[in-house]
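**Q** Mapping to UniProt numbering: the sequence shown position 195 is 195, numbers consecutive. The structure under discussion is supplied below as structure tokens; questions concerning it will follow.
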Amino acid sequence: MTTDSPQGGAMTPPPAIAGSQPPAAIRCRGIVKEFGRGETLIRVLHGIDLDVRENEMTFIVGPSGCGKTTLISIIAGILSATAGAVDLFGTRVTSLKGSALVKFRRDNIGFIFQQFNLLPALSALENAAIPLIAQGASESVANAAARRFLIQLGLEKHLEKFPSQMSGGQQQRVAIARALVHEPRFIVCDEPTASLDAASGRAAIALLRDAAVRPGRAVIIVTHDSRIFDFADRMVAMSDGRIEKLSDAREIAAMEHH
Numbered sequence: 001m002t003t004d005s006p007q008g009g010a011m012t013p014p015p016a017i018a019g020s021q022p023p024a025a026i027r028c029r030g031i032v033k034e035f036g037r038g039e040t041l042i043r044v045l046h047g048i049d050l051d052v053r054e055n056e057m058t059f060i061v062g063p064s065g066c067g068k069t070t071l072i073s074i075i076a077g078i079l080s081a082t083a084g085a086v087d088l089f090g091t092r093v094t095s096l097k098g099s100a101l102v103k104f105r106r107d108n109i110g111f112i113f114q115q116f117n118l119l120p121a122l123s124a125l126e127n128a129a130i131p132l133i134a135q136g137a138s139e140s141v142a143n144a145a146a147r148r149f150l151i152q153l154g155l156e157k158h159l160e161k162f163p164s165q166m167s168g169g170q171q172q173r174v175a176i177a178r179a180l181v182h183e184p185r186f187i188v189c190d191e192p193t194a195s196l197d198a199a200s201g202r203a204a205i206a207l208l209r210d211a212a213v214r215p216g217r218a219v220i221i222v223t224h225d226s227r228i229f230d231f232a233d234r235m236v237a238m239s240d241g242r243i244e245k246l247s248d249a250r251e252i253a254a255m256e257h258h
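What follows is the structure, given as structure tokens:
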């Protein structure tokens, strides 16, 4: 599944799970990430090969520090890889630089971070509308779309509140609405239910699933929350910067019943 020698050669697919498969939205080949140099050099990812399929929700699981967040940050173009390549819907993300990378992320990717990253001077509605405003939509169009998603997430009474006036769970739902509002092709999430109770977490993931399960879309979720595992179409188990196992929905269901 992984290799420590990502240089050269054609990009060959990792072992496939049997059965009918949607096409790959994301192809990672030989992804290596190192921090530091010389005696302080740390290799966090060891030649990751991974396909993330369209029309599916893929979970990445594993112990803290195993490289999950580093991997999704490279896929989304937030971090640069030391070696290897990422193709996202046919675009070589690892080759994009500067304004081209910024524009690609703006138009194609929705982010949900652990720390929410809401702007403190903006209301919930204004925060959720930011991606559409950045794309050039009018304020009225952006606010209408943001309002729709916030209401779906149970925040109809909090539209005008500022982040400091909301609980952690409410802020997380605003962050989810912000990631969905411009209907991106790829949504990347780092512990999206960490601040939510069980019912709110499942409602949020159900909304994410609605955004993912259609042709031309994909979602990756990094999570430790076993309460939402049954939403996954595929689960990628990582350990020490490597992929240890891929499981499909049937295997995940079997794990849930044991």
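For every residue, glycine included, the Cβ atom is placed at its ideal position computed from N, Cα and C.
Starting from the Cα of residue 28, find the closest Cα among 66, 45, 84 and give me that residue.
**A** Reading the sequence shown from its first residue, position 28 is the one you call residue 28. Nearest option by C-alpha distance: 84.
**Q** On the premise that residue 185 lies in contact with residue 234, defined as a C-beta separation below 8 Å, what is that separation, rounded to the nearest angstrom?
**A** Numbered from 1 along the sequence shown, position 234 holds the residue referred to as residue 234. Numbered from 1 along the sequence shown, position 185 holds the residue referred to as residue 185. Not a contact, Cβ separation roughly 18 Å.
**Q** Enumerated in chain order, which unbroken segments of the alpha helix (DSSP H) with a length of 4 residues or greater are wholly contained in the stretch 35-101?
**A** Listed in chain order, the complete alpha helix (DSSP H) runs (minimum 4 residues) inside the stretch 35-101 are 68-75.
**Q** Compare the C-alpha of residue 118 against each of 78, 108, 130, 107 and name the closest.
**A** Walking along the sequence shown from the start, residue 118 turns up at place 118. Here the closest residue by C-alpha is 130.
**Q** In three-state DSSP terms, what is residue 244?
**A** Indexing the sequence shown from 1 puts residue 244 at position 244. Three-state DSSP puts residue 244 in a strand.
**Q** If I measure Cβ to Cβ from residue 125 and keep anything under 7 Å in the same chain, skipping five residues before and after, which residues do I get?
**A** Along the sequence shown, read from residue 1 onward, the residue named residue 125 stands at position 125. Excluding positions up to five away in sequence, the list reads 143, 146, 147, 150, 159, 160.
**Q** What distance in whole Å lies between the Cβ atoms of residue 252 and residue 208, which are believed to be in contact at a cut-off of 8 Å?
**A** To locate residue 208, count along the sequence shown from 1; it is residue 208. To locate residue 252, count along the sequence shown from 1; it is residue 252. The pair is not a contact, with the Cβ atoms about 16 Å apart (cut-off 8 Å).
**Q** Kindly give me the distance between the Cβ atoms of residue 26 and residue 87, rounded to whole angstroms, as I take these residues to be in contact under 8 Å.
**A** What you label residue 26 is simply residue 26 of the sequence shown in a count that begins at 1. What you label residue 87 is simply residue 87 of the sequence shown in a count that begins at 1. Correct: roughly 7 Å between the Cβ atoms.
**Q** Per DSSP, which one or two residues make a beta bridge with residue 190?
**A** In the sequence shown, counting from the first residue as 1, residue 190 sits at position 190. Answer is 222, bridged to residue 190.
**Q** State the start and end residues of the unbroken alpha helix (DSSP H) segment that holds residue 168.
**A** As a position in the sequence shown, residue 168 is number 168, starting the count at 1. Note, residue 168: alpha helix (DSSP H), 168-180.
**Q** Can you pull the DSSP bridge partners for residue 31?
**A** Here residue 31 refers to the residue found at position 31 of the sequence shown. According to DSSP, residue 31 bridges with 48.
**Q** Only counting the same chain, and skipping five residues up and downstream in sequence, which positions put a Cβ closer than 8 Å to that of residue 255?
**A** For the purposes of this step, residue 255 is identified with residue 255 of the sequence shown, where counting begins at 1. So the qualifying residues of the chain are 229, 247.
**Q** In the DSSP assignment, the alpha helix (DSSP H) including residue 124 goes from what residue to what residue?
**A** Position 124 of the sequence shown, counting from 1, holds the residue named residue 124. Note, residue 124: alpha helix (DSSP H), 124-134.
**Q** Rounded to the nearest angstrom, how far is the Cβ of residue 102 from that of residue 220, given a contact under 8 Å?
**A** Counting from 1 along the sequence shown, the entry for residue 102 is found at position 102. Counting from 1 along the sequence shown, the entry for residue 220 is found at position 220. That pair is no contact at about 20 Å.
**Q** Measure the beta-carbon distance from residue 187 to residue 50 and round it to whole angstroms, keeping in mind my assumption that it falls under 8 Å.
**A** Within the sequence shown, the letter at position 187 stands for residue 187. Within the sequence shown, the letter at position 50 stands for residue 50. About 17 Å; that fails the 8 Å criterion.
**Q** Only counting the same chain, and skipping five residues up and downstream in sequence, which positions put a Cβ closer than 7 Å to that of residue 69?
**A** If you number the sequence shown from 1, residue 69 lands on position 69. Here the set comprises 190, 222.
**Q** Sort out for me which residues DSSP pairs residue 235 with in a bridge.
**A** Residue 235 sits at position 235 when you count from the first residue of the sequence shown. 59, 247, per the DSSP bridge assignment.
**Q** By alpha-carbon positions, which one of 123, 57, 78, 192 ends up nearest to residue 215?
**A** The sequence position of residue 215 within the sequence shown is 215, counting from 1. Nearest C-alpha to residue 215: 57.
**Q** Between the beta-carbon of residue 67 and the beta-carbon of residue 44, is there less than 7 Å?
**A** Taking the sequence shown and counting its residues from 1, one reaches residue 67 at position 67. Taking the sequence shown and counting its residues from 1, one reaches residue 44 at position 44. It is a contact, given that the beta carbons lie within the stated cut-off.
**Q** Does DSSP put residue 229 in a helix, in a strand, or in coil?
**A** What you label residue 229 is simply residue 229 of the sequence shown in a count that begins at 1. Helix, per DSSP.
**Q** Under a Cβ-count criterion, where at least 16 other Cβ atoms within 10 Å of its own Cβ denotes burial, should residue 54 be classed as buried or exposed?
**A** For the purposes of this step, residue 54 is taken as residue 54 along the sequence shown, with counting starting at 1. Buried, since its Cβ has 16 or more Cβ neighbours within 10 Å.
**Q** Is residue 81 buried or exposed, if buried means 16 or more other CB atoms sit within 10 Å of its CB?
**A** The sequence position of residue 81 within the sequence shown is 81, counting from 1. Classification for residue 81: buried.
**Q** Can the beta-carbon of residue 192 be found closer than 7 Å to that of residue 112?
**A** Taking the sequence shown and counting its residues from 1, one reaches residue 192 at position 192. Taking the sequence shown and counting its residues from 1, one reaches residue 112 at position 112. Yes. Within cutoff.
**Q** Is residue 61 closer than 7 Å to residue 128 when the C-beta atoms are compared?
**A** On the sequence shown, position 128 is the one that residue 128 refers to. On the sequence shown, position 61 is the one that residue 61 refers to. No, Cβ-Cβ distance for residue 128 and residue 61 is not below 7 Å.
**Q** Measuring only the C-alpha atoms, how far is residue 179 from residue 40?
**A** If you number the sequence shown from 1, residue 179 lands on position 179. If you number the sequence shown from 1, residue 40 lands on position 40. Computed Cα separation, rounded: 36 Å.
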